[in-house]
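J.: What follows is a structure written as structure tokens; I'll ask about it next.
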Amino acid sequence: MATNDKGTLGILKGSASDFIEDDCPTMAAALSYYTVFSLPPLLVLLLTLLGALFDPQDVQGTLETQIQSLMGPSGAEQVRTILANADRPGSGSVIATVLGIVALIFGATGVFGQLQAALNKAWNVAPDPDQGGIKSFVLKRVFSLGMVLGLAFVLLVSLVLSAALTAFGDSLAGFLPDGLSEPVL
1 MATNDKGTLG ILKGSASDFI EDDCPTMAAA LSYYTVFSLP PLLVLLLTLL
51 GALFDPQDVQ GTLETQIQSL MGPSGAEQVR TILANADRPG SGSVIATVLG
101 IVALIFGATG VFGQLQAALN KAWNVAPDPD QGGIKSFVLK RVFSLGMVLG
151 LAFVLLVSLV LSAALTAFGD SLAGFLPDGL SEPVL
């Protein structure tokens with residue numbers, strides 16, 4: 001049987017040292033920054049796309065419910081405020097819309113670029129010196145945009161399935177005896 005010379009305290013001390021040495025708090029802050037600034041336009045875009053397929057009020061209600069379950073009531077209130085401000089008639093022009101889409105693309109793709117940089121630093125992976133230049137930058141941004149669109153699609157499917165399951169549960173509740181239709185959590 002192999003013995004551990006470091007012990008639990010040594011492993012914890014080494015992990016904390018590596019955490020600080022790899023600058024993980026700064027990397028986490030950078031990821032949060034990109035995420036915070038790309039989330040509102042992404043939510044507005046998601047609401048617009050789903051609102052074209054389903055009742056916009058139902059979509060917004062489902063989105064707020066999902067956000068509240070993940071972030072709590074204050075997070076849901078912030079999302080409600082963002083969506084209310086974005087939905088005001090006449091609040092934006094074509095130029096503002098285009099700039100918003102550009103900001104969304106830049107911020108959302110920046111999340112993946114920052115995630116790659118953070119993981120490279122944490123795992124001591126040196127960037128490929130042959131991967132510099134504008135062409136590489138654009139290709140990475142296009143790939144990141146594909147990732148964002150893929151994640152948006154997964155979120156879209158999740159919201160649609162959640163709404164469908166809720167509607168199915170509500171319609172099924174009428175056929176069940178009292179007490180069986182209540183959630184069991």
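Going by the numbering used here, the first residue of the sequence shown is number 1, and it counts up by one from there.
We put the CB at the ideal spot given by N, CA and C, even for glycine.
Is F137 helix, strand or coil by DSSP?
T.: Against the sequence shown, residue 137 aligns to sequence position 137. Note: F137 maps to helix in three-state DSSP.
J.: Output the distance between the C-alpha atoms of G51 and S162, rounded to the nearest integer angstrom.
T.: Against the sequence shown, residue 51 aligns to sequence position 51. Against the sequence shown, residue 162 aligns to sequence position 162. Straight-line Cα distance between these residues: approximately 16 Å.
J.: Enumerate in chain order the residues of its own chain whose CB-to-CB distance from F37 is below 7 Å, with the five nearest sequence positions on each side excluded.
T.: Walking along the sequence shown from the start, residue 37 turns up at place 37. Correct list, in chain order: G107.
J.: Is the beta carbon of P40 closer than 9 Å to that of I82?
T.: Position 82 of the sequence shown, counted from the first residue, corresponds to residue 82. Position 40 of the sequence shown, counted from the first residue, corresponds to residue 40. Yes, Cβ-Cβ distance for I82 and P40 is below 9 Å.
J.: State the start and end residues of the unbroken alpha helix (DSSP H) segment that holds D128.
T.: The residue given as residue 128 occupies position 128 in the sequence shown. First-last for D128: undefined, no H or E at that position.
J.: Please state whether DSSP places F175 in a helix, a strand or coil.
T.: Here residue 175 refers to the residue found at position 175 when the sequence shown is read from its first residue. In the structure shown, F175 sits in coil (DSSP, three-state: anything other than H, G, I, E or B).
J.: Let me confirm a value: S144 is counted as buried when at least 16 other C-beta atoms fall within 10 Å, else exposed. Which label applies?
T.: For the purposes of this step, residue 144 is identified with residue 144 of the sequence shown, where counting begins at 1. S144 comes out buried.
J.: With D18 as the anchor, note down where its alpha helix (DSSP H) starts and where it stops.
T.: As a working mapping, residue 18 is identified with position 18 in the sequence shown. That run of the alpha helix (DSSP H) goes 7–21.
J.: Below 9 Å between beta carbons: does that hold for T62 and L151?
T.: Position 62 of the sequence shown, counted from the start, is the residue given in the question as residue 62. Position 151 of the sequence shown, counted from the start, is the residue given in the question as residue 151. Cβ distance not < 9 Å, so T62 and L151 don't count as in contact.
J.: Check whether the Cβ atoms of D122 and D58 lie closer than 9 Å to each other.
T.: Here the question's residue 122 lines up with position 122 in the sequence shown. Here the question's residue 58 lines up with position 58 in the sequence shown. Note on residue identity: the sequence assigns Ala, not Asp, to residue 122. It is not a contact, given that the beta carbons lie outside the stated cut-off.
J.: At a Cβ threshold of 9 Å, is A76 touching chain B?
T.: Among the protein chains of the structure shown there is no chain B, as only one such chain exists.
J.: Near M71, which residues of its chain fall below 7 Å by C-beta distance, leaving aside the five closest residues on each side in sequence?
T.: The residue labelled residue 71 in the question sits at position 71 within the sequence shown. There are no such residues.
J.: What span of residues does the alpha helix (DSSP H) with G51 cover, start to end?
T.: Residue numbering aside, residue 51 sits at position 51 when the sequence shown is read from its first letter. Where G51 is concerned, the enclosing alpha helix (DSSP H) stretches over 24–53.
J.: What's the gap between the Cα of Y34 and the Cα of L115?
T.: Indexing the sequence shown from 1 puts residue 34 at position 34. Indexing the sequence shown from 1 puts residue 115 at position 115. The straight-line gap from Cα to Cα measures roughly 10 Å.
J.: On the CB-based measure, 16 or more other CB atoms within 10 Å of its CB, does F112 come out buried or exposed?
T.: Position 112 of the sequence shown, counted from the first residue, corresponds to residue 112. Buried is the call here.
J.: Where does G61 sit, in a helix, a strand or coil, going by DSSP?
T.: Residue mapping note: residue 61 aligns to position 61 of the sequence shown, counting from 1. Looking at G61 - three-state DSSP - the assignment turns out to be helix.
J.: Go through its chain and collect everything with a Cβ distance to N120's Cβ below 7 Å, but skip five positions before and after it.
T.: Mapped onto the sequence shown, residue 120 falls at position 120. So the list reads P127, once near-sequence residues are dropped.
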